Amino acid sequence: MEKVVIIRYSEIHLKGKNRGYFERVFSQNIEKSLKGVKHETHRLSGRYLIEGFDEWETEVILDKLKRVFGIHSYSVALKTASDMQHIFAAAKEVCSISGSFKVVSHRADKSFPLNSMQISAEIGGRLLSENKNISVDVHNPQFTINIDVRENGTTLVFNEFFKGAGGMPVGTSGKGLLLISGGIDSPVAGHMIAKRGMSLECIHYHSYPYTNLQARDKVIELAGVLAKYTCGIKLHIVSVTHIQEEIHKKCNGEYMVTILRRFMMRIAEKIAARCGAQCLITGESLGQVASQTIEGMTSSNSVIDNLPVLRPLCGFDKDEIIERSRNIGAYEISIQPFEDCCTVFLPKHPVIKPSLKTVIEEEEKLDVQALLNEALSSVETVVL
Ligand code: ATP
Ligand code: MG
1 MEKVVIIRYS EIHLKGKNRG YFERVFSQNI EKSLKGVKHE THRLSGRYLI
51 EGFDEWETEV ILDKLKRVFG IHSYSVALKT ASDMQHIFAA AKEVCSISGS
101 FKVVSHRADK SFPLNSMQIS AEIGGRLLSE NKNISVDVHN PQFTINIDVR
151 ENGTTLVFNE FFKGAGGMPV GTSGKGLLLI SGGIDSPVAG HMIAKRGMSL
201 ECIHYHSYPY TNLQARDKVI ELAGVLAKYT CGIKLHIVSV THIQEEIHKK
251 CNGEYMVTIL RRFMMRIAEK IAARCGAQCL ITGESLGQVA SQTIEGMTSS
301 NSVIDNLPVL RPLCGFDKDE IIERSRNIGA YEISIQPFED CCTVFLPKHP
351 VIKPSLKTVI EEEEKLDVQA LLNEALSSVE TVVL
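Residues in the sequence shown are numbered consecutively from 1, following the numbering used here.
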């Protein structure tokens, strides 16, 4: 009898002709996430089996699999030979010492001498006769014993179906460039889009020496959190200090954030072209702060020539975003109090509903191309 992990996929099976491709990416992602852990992976119909690992590493494996998109559910099971004696021994192993239970059987191997109802009745009956402290309750049991008789002469016996990360395998929906700030929102936005199967690269803007190096480390750490879901990530770090100084010197201070946002979008579009990203992703939520009004979004959007800008958090309240941030393991990092570049030279009253005409007039005071070129010549890339 051997401990194994059963992995069931989610939406992948819906993909008709593309199914082979989706399954290939999915299994590659499983392998990437389990890199460095001794194991073998085998495919069964509609599921994968992780075997051959050291039992003490079970939790490590489960922790990694929790972050693989495309997994619908998983179970820790005992794998045994398909005969009633072995199946009973495995059922005994997973049976609690007391409480109500039911046995649910599934028979993929139609040559097995008992049908699924008979397997459940036989195993349930034997368990009952050996342990006076358990009872059967088919409607509301305290625990369930699942028995899955496979085609290949082996049977899987397990208790629980744990919920997987859901979504689509990362890499099956193209690539996006996430503007990541160090706040709560952008990592959540990246996570949501990665869940739909998009692989990510990240771009972060800093204003060193106005912002400190801890702010930078924080963003590296946040990108590292996302990397666990996306099988690795590249983070491009770009200085916008010179741009902010120039805006501060030449433009109406109320437009600092609005104009800076337009530079962020322009730089991101150029980096996206370099790395083959097909869209930009931001953590903006409608109306959450002054710069995230529809007028603010219109202003920053209008500098983008070709790419769609995905804003998955647009319809979310802050508390919904915080809950997601906690769930993905980013919150404690995000709330560390280091300054973001947007707070440098921040005016007392930033313009809330910028008119595009005025923004463009203000921007005409700058040599946009020269400022962009300088930013693009200083990109540093960290691979996580
Ligand atoms: P976040 O929590 O992600 O910082 P926020 O609610 O603080 O979001 P803003 O600071 O207005 O909102 O930023 C809106 C979005 O613009 C961010 O979610 C992010 O996508 C992008 N952004 C802001 N600052 C930066 C930065 N320094 N580097 C990269 N992207 C940024
Ligand atoms: Mg922010």
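We treat Cβ as the ideally placed atom computed from N, Cα and C, and that holds for glycine. A quick note: this is a predicted structure, and the numbers were derived from the prediction, not measured.
| Query | Result |
| --- | --- |
| Simplified DSSP assignment, three categories, for arginine 262 | helix |
| For tyrosine 229: DSSP bridge partner residues | Note: tyrosine 229 sits in no beta bridge, so no partner. |
| Glutamate 380 burial status per 10 Å Cβ neighbour count (16 or more: buried) | exposed |
| Sheet register partners of tyrosine 74 (DSSP bridge) | Ile7, Phe162 |
| Length-filtered (3 minimum) beta strand (DSSP E) runs lying within the segment 114–174 | 134–136, 143–149, 154–158 |
| Given 8 Å, three or more beta-carbon pairs between the segment 96–103 and the segment 118–135 | yes |
| Extent of the continuous beta strand (DSSP E) to which arginine 47 belongs | 47–51 |
| Check: valine 428 C-beta below 7 Å from any heavy atom of the ligand ATP | Residue 428 lies beyond the residue range present for the chain, which begins at 1 and ends at 384; the question has no answer from this structure. |
| Own chain residues within Cβ distance below 6 Å of leucine 286, not counting five before or after | Cys314 |
| Check whether isoleucine 147 and alanine 91 have beta carbons under 8 Å apart | yes |
| Proximity test, histidine 242 beta-carbon vs the ligand ATP heavy atom, cut-off 7 Å | no |
| Beta-ladder partner(s) of threonine 41, from DSSP | Ile50 |
| Sufficient close CB pairs (3 or more, under 8 Å) joining the segment 188–196 to the segment 163–177 | yes |
| Residues of its chain near phenylalanine 112, where Cβ-Cβ distance is below 7 Å and the 5 sequence neighbours each way are ignored | Ser82, Val149 |
| Top-ranked residue by Cα proximity to glycine 232, from Glu201, Tyr208, Tyr255 | Glu201 |
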